[in-house]
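In what follows, a single structure is set out as structure tokens and then discussed.
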Amino acid sequence: MSPPRRKRLSPAEKARIQEIFDRFAARTDHPRTELEFHNPYTLVVAVALSAQATDKSVNKATQKLFAVADTPQKMLDLGVEGLTPFIQSIGLYRTKARNVVALSQILVDQHGGEVPLNREALQALPGVGRKTASVVLNELDIEPAIAVDTHVYRVAHRLKLSAGKTPDAVERDLMAIVPAPYLTRAHHWLILHGRYACVARKPKCGDCLVADLCPSRELFLGA
Ligand code: SF4
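Residue numbers for the sequence shown follow my numbering, so the first one is 764 and each next one is one higher.
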């Protein structure tokens, strides 16, 4: 993969961004996804199931599912009908069940039952879009990527790391400004920060680790 294009920043802005990520790193050096998985295949399935669902709800379903089916062949043996009861507490479960079985079939037929660890082949799998592929490649330390979900999008805007209007635009901005050594971990830090501190409705600015570096702080403290 070609290295991300870097953006030229003023020294003050560069120092601010460096400090934000230094603090995230000092607090949680090795952040990982909160989704539970046992191997690259269960990671792909868990991430695919997590679209428009919480990690907690996915983990609850996959604890039982992965005990029965943790390989593409076992998932095929289960089939859509067998898989559905495990995941019906998760949103869009019918489509997700079809996609998981279809992607398992492709893995068996075309990849020897293994998950191909490159973006192009991953995104060719049913139900695996750019965001899912980014999460998988990043989690397995194969390719630095910043998948932009609702938390990352919100935090990036509030911290004025991006003014992008789409997830792809925010991702491009972040890849261009996050200090290079932090690129593989930034995704998790931003999600965790959005999930537990910079929450959507009432961000906890009073307890925020990076409050003094945040241009939006006054907005919320004054609210
Ligand atoms: S100061 Fe408030 S708005 Fe800014 S990042 Fe922290 S929690 Fe979010």
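Built from N, CA and C at the ideal position, the CB exists for glycine as well. All of these numbers come straight from a predicted model, not from anything done at the bench.
### Where ALA908 sits in the DSSP three-state scheme
Translated into positions along the sequence shown, residue 908 becomes position 145. Shown here, ALA908 sits in coil according to DSSP, grouped into three states, outside any helix or strand.
#### Entry: Anticipated Cβ contact below 8 Å, ALA865 with PRO889, distance rounded
If you number the sequence shown from 1, residue 865 lands on position 102. If you number the sequence shown from 1, residue 889 lands on position 126. Correct: roughly 4 Å between the Cβ atoms.
### Collapsed DSSP secondary structure at GLU799 in the structure displayed
For the purposes of this step, residue 799 is taken as residue 36 along the sequence shown, with counting starting at 1. In the three-state reduction of the DSSP assignment, GLU799 falls in the coil class.
### Query
Apart from the five residues on each side of it in sequence, which residues of its chain come closer than 8 Å, Cβ to Cβ, to PRO803?
Residue mapping note: residue 803 aligns to position 40 of the sequence shown, counting from 1. Hits under 8 Å: GLU877, VAL878, LEU880, VAL899 and LEU903.
### Query
Per DSSP, what kind of secondary structure is SER979 in: helix, strand or coil?
Position 216 of the sequence shown, counting from 1, holds the residue named residue 979. Three-state DSSP puts SER979 in coil, outside helix and strand.
### Query
So, PHE787 versus VAL941, is the Cβ gap smaller than 8 Å?
Counting from 1 along the sequence shown, the entry for residue 787 is found at position 24. Counting from 1 along the sequence shown, the entry for residue 941 is found at position 178. Remark: C-beta atoms of PHE787 and VAL941 do not approach each other more closely than 8 Å.
### Query
Roughly how many angstroms lie between the CA atoms of THR796 and HIS950, to the nearest whole one?
Translated into positions along the sequence shown, residue 796 becomes position 33. Translated into positions along the sequence shown, residue 950 becomes position 187. When rounded, the distance between both Cα atoms is 9 Å.
### Message
When you measure from the CB of ARG921 to every non-hydrogen atom of ligand 1, does any distance come out below 7 Å?
### Response
In the sequence shown, the residue the question calls residue 921 occupies position 158. Yes, since a heavy atom of ligand 1 falls inside the 7 Å radius drawn around the Cβ of ARG921.
### Task
Report yes or no: do the stretch 959-973 and the stretch 799-815 share at least 3 C-beta pairs separated by less than 8 Å?
No, the stretch 959-973 does not touch the stretch 799-815.
### Task
Check whether the Cβ atoms of VAL911 and GLY957 lie closer than 8 Å to each other.
Taking the sequence shown and counting its residues from 1, one reaches residue 911 at position 148. Taking the sequence shown and counting its residues from 1, one reaches residue 957 at position 194. No, these two residues do not count as a Cβ contact at 8 Å.
### Query
Hey, would you say the C-beta of ALA960 is under 7 Å away from at least one heavy atom of ligand 1?
The sequence position of residue 960 within the sequence shown is 197, counting from 1. Yes, since a heavy atom of ligand 1 falls inside the 7 Å radius drawn around the Cβ of ALA960.
### Query
Enumerated in chain order, which unbroken segments of the alpha helix (DSSP H) with a length of 4 residues or greater are wholly contained in the stretch 779-823?
You should have 803-812.
### Query
Can the beta-carbon of LEU841 be found less than 8 Å from the beta-carbon of ALA830?
To locate residue 841, count along the sequence shown from 1; it is residue 78. To locate residue 830, count along the sequence shown from 1; it is residue 67. Contact: no.
#### Entry: VAL807 and VAL891 closer than 8 Å at C-beta
Within the sequence shown, residue 807 is the residue found at index 44, counting from 1. Within the sequence shown, residue 891 is the residue found at index 128, counting from 1. Cβ atoms of VAL807 and VAL891: closer than 8 Å.
### Message
Could you tell me the alpha carbon to alpha carbon distance between ARG861 and GLY845, rounded to whole angstroms?
### Response
Walking along the sequence shown from the start, residue 861 turns up at place 98. Walking along the sequence shown from the start, residue 845 turns up at place 82. Rounded to whole angstroms, ARG861 to GLY845 spans 11 Å at the Cα level.
### Task
Note down the Cα distance separating ARG980 from ALA960, rounded to an integer number of angstroms.
Along the sequence shown, read from residue 1 onward, the residue named residue 980 stands at position 217. Along the sequence shown, read from residue 1 onward, the residue named residue 960 stands at position 197. About 12 Å.
### Query
Cβ of ARG921 within 8 Å of Cβ of CYS977?
Locating residue 921 in the sequence shown gives position 158, where the first residue counts as 1. Locating residue 977 in the sequence shown gives position 214, where the first residue counts as 1. Yes, they are a contact pair.
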